[in-house]
Amino acid sequence: MSDSTTETTHATLYERIGGEAAVNAAVDLFYRKVLNDYRINRFFDGADMEKQIDKQRAFFTMAFGGPNNYTGQDMRNAHAHLVKKGLDDSHFDAVMEHLGATLVELNVPAELITEAAAIAESTRNDILGK
Amino acid sequence: MTLLTVADKTYLCEKEETVLEALLRGGVAVPYVCKLGSCQTCLVRSLQGTPPELAQMGLKDTLKKQRYFLACRCYPTEDMTIRLSDQSAFYRDGIVTKNQMLNHNTMLLEIKFADAFEFYPGQFVNLQRRDGLTRSYSIANIPQQSNTLAFHIRRLPEGRFSEWLHDELETGDTIAVSEPRGHCFYLPQRSEQGLLLVGTGTGLAPLEGILLDALQHQHTGVIHLFHGVCEVNDLYRSDFLQDLAAQHDNFTYTPCLSGKFVPVGFAKGYAHDVALATLSDLKNWRVFLCGHPDMVNQMKRQAFLKGAAMRDIYADAFFSA
Ligand SMILES: Cc1cc2nc3c(=O)[nH]c(=O)nc-3n(C[C@H](O)[C@H](O)[C@H](O)COP(=O)(O)OP(=O)(O)OC[C@H]3O[C@@H](n4cnc5c(N)ncnc54)[C@H](O)[C@@H]3O)c2cc1C
Ligand code: HEM
């Protein structure tokens, strides 16, 4: 019993939220919301859906605190061309909105959603190149 | 500890080491980017040995079935023989047994092999001319007793390969054919699922194979085929498809014309637009898209927005060389 308790406390958000299976479930829902949102869909106009979906997988892996090698600098670089196109706080907020709504839809417990949102929020300055 | 064989050389994979790590350590240039199972750059194929479940997570069912797996997520549980994705394909010689016009610019080409040619209907092969010129063509039939593959070849003005196929290749000639590729094909699961097939031009070729395969597997869900061309005389296989529709209650065939003159009985507009106007909700549908890259890309997005799951969307864009 004590073993499993220790495990729970040590498990990362990524593990508690359901790992890769959770990422897979979230990606389709989230990306459909993003593409339907006139405020931000112009940033996602890349022709290749599969590549875009892979990037969304990376997004969720990161937001769930899962294994990834991205640095703040990588996030700056990845979004720099979007900042040039006008990416600002309002767009960031829209993405945060869809992240939350997606996780609610997947019945992720509220406290885990809060944790994921905090991780995503912590990237704001890097994403917006501030 | 397991043994990995790549191109006849053997590499040791230590405990708690992935196939990717072991091969990179052994000096094999496996392409990779994220090492997380996300980017799928390190996709390789097992020729022998079953890839563990983790190594196939997130892959399309059709890729799984062909034992593709991600080298970065594979902690092998047994010895494996592996082929890298870019390793040169194996070609086999086939003999041309038929070349017959289906309409004013599209030819039915049949190539026969001495022994069985295994493929999933909907896959494509590369055909190669003696001088090395190579083009991809989709297989249009389902496996035959006679080991014959069928192709629909559209003649392009000034098209180097297609003109050669049309004008110079004769029955009895041999031609080099690669092993089958691509993962746009039917799997006999969830047979109650609706199937949406949209093709432009010779994009009908792989769809015909997929359709026949699904019907042969007694697919019970509805099957909608939308074939898009410009004018009536660009259609082909219409009678055959109409007969099939008459025989199968669950199959509907809709020829779509994007040109100005649209006689009664044909839908007006681009095939994917007609399909989208006909089917309002694609949730739980399986979608197959073949032909013009613009159609394929647009429709992928639209089908997804209408509710189809990304992993239920199969596509072959006919990018030209
Ligand atoms: C996965 C895949 C599957 C394919 N399956 C089939 C098939 O089943 N049947 C089939 O006929 N073809 C198919 N193709 C296309 C085929 O591989 C060749 O690209 C095509 O036959 C043209 O080759 P070519 O050598 O005759 O023309 P090229 O000499 O390569 O090109 C001649 C000229 O035509 C232009 N051109 C190329 N493609 C087109 C086009 N579609 N429409 C208008 N102009 C074009 C080129 O830009 C160029 O200017 C497929 C392609 C891919 C990638
Ligand atoms: C909320 C915090 C965010 C995180 C954690 C995040 C994370 C990521 C990650 C990991 C990638 C993949 C990078 C790569 O490998 O190339 C990515 C790409 C991308 N992100 Fe974000 N992102 C965030 C916010 C946003 C916002 C607000 C937008 C626009 C509204 C956005 C648009 C994009 C686009 C379009 C790409 C693809 C870039 C390309 O294809 O070049 N992201 N993001």
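Here the protein sequences come in this chain order: A and B. Under this note's numbering, the first residue of the first sequence carries the number 1, and numbering increases by one thereafter. Under this note's numbering, the first residue of the second sequence carries the number 1001, and numbering increases by one thereafter. Glycine included, every Cβ here is placed at the ideal spot set by N, Cα and C.
So Gly1058/B packs on Glu15/A, CB below 8 Å; how close in whole Å? Gly1058/B to Glu15/A, Cβ: 17 Å. No contact.
Where does Val1006/B fall in DSSP's three states? strand
Does the beta carbon of Glu1053/B fall short of 6 Å from some heavy atom of ligand 1? no
Could you tell me whether any non-hydrogen atom of ligand 2 is closer than 6 Å to the CB of Gly1203/B? no
Hey, does Lys1060/B have any beta-carbon neighbour from chain A nearer than 7 Å? no
In the DSSP assignment, what residue or residues form a beta bridge with Met1101/B? Met1107/B
Can you tell me the Cα-Cα spacing of Trp1285/B and Leu1195/B, whole angstroms? 6 Å
Would you grab the beta carbon distance between Val1274/B and Ile1313/B for me? Rounded to a whole angstrom, and I think it's under 8 Å. Their Cβ separation, rounded to whole angstroms, is 18 Å, which puts Val1274/B and Ile1313/B out of contact at 8 Å.
Inter-residue spacing [alpha-carbon to alpha-carbon] between Leu1197/B and Pro1188/B: 16 Å
Could you give the residue range of the alpha helix (DSSP H) that holds Phe1161/B? 1160 to 1167
Let me check you understand the geometry: is the CB of Ile1153/B closer than 6 Å to at least one non-hydrogen atom of ligand 1? yes
DSSP three-state label for Asp48/A, please. coil
Who are the Cβ neighbours of Ser1133/B in its own chain at under 7 Å, not counting the five residues just before and after it? Before going on, a small fix: residue 1133/B reads as Leu here, not Ser. Taken in chain order, the residues that qualify are Arg1160, Phe1161.
In the DSSP assignment, find the unbroken alpha helix (DSSP H) run with Phe1261/B in it and report its ends. Taken as a continuous stretch (DSSP letters only), Phe1261/B belongs to no alpha helix (DSSP H), as it is neither H nor E.
Would you verify that the beta carbon of Glu20/A is, or is not, closer than 7 Å to some beta carbon of chain B? yes
Residues, ordered as in the chain, of the region 50 to 65 of chain A that lie near chain B by beta-carbon distance below 7 Å: Ile53, Asp54, Arg57, Ala58, Thr61
Minimum C-alpha distance to Phe1124/B - residue among Arg1190/B, Leu1156/B, Glu1231/B, Ala1150/B: Ala1150/B
Just checking: is the beta-carbon of Lys1300/B within a distance shorter than 7 Å of some beta-carbon in chain A? yes
Using a Cβ-Cβ cut-off of 7 Å, state whether Asn24/A counts as contacting chain B. yes
Taking only the alpha-carbon atoms, compute the straight-line gap between Leu106/A and Leu1165/B and give it to the nearest angstrom. 53 Å
At least one CB of chain A closer than 7 Å to the CB of Met1295/B: is that the case? no
So the candidates are Phe1069/B, Lys1035/B, Lys1098/B, Gln1242/B; which of them puts its Cα closest to the Cα of Leu1047/B? Phe1069/B
Going by the DSSP bridge assignment, what does Arg1083/B pair with across the sheet? Arg1045/B
Going by alpha carbons, who is nearest to Gly1201/B out of Thr1220/B, Ala1114/B, Met1107/B, Glu1021/B? Met1107/B
If we cut at 7 Å on Cβ distances, does Met1080/B have a partner in chain A? no
Is the shortest distance between the beta-carbon of Leu35/A and the beta-carbons of chain B less than 7 Å? yes
Minimum C-alpha distance to Thr61/A - residue among Asp45/A, Asp74/A, His81/A, Leu13/A: Leu13/A
From the beta carbon of Met1310/B, is the nearest beta carbon of chain A less than 7 Å away? yes
Cβ atoms of Cys1290/B and Pro1180/B: under 7 Å apart, would you say? no
Let's test the definition: count the other Cβ atoms within 10 Å of the Cβ of Lys130/A and tell me whether it reaches 16, buried, or not, exposed. exposed
Give the single residue among Thr1220/B, Tyr1236/B, Tyr1120/B, Ile1210/B whose Cα lies nearest to the Cα of Arg1154/B. Tyr1236/B
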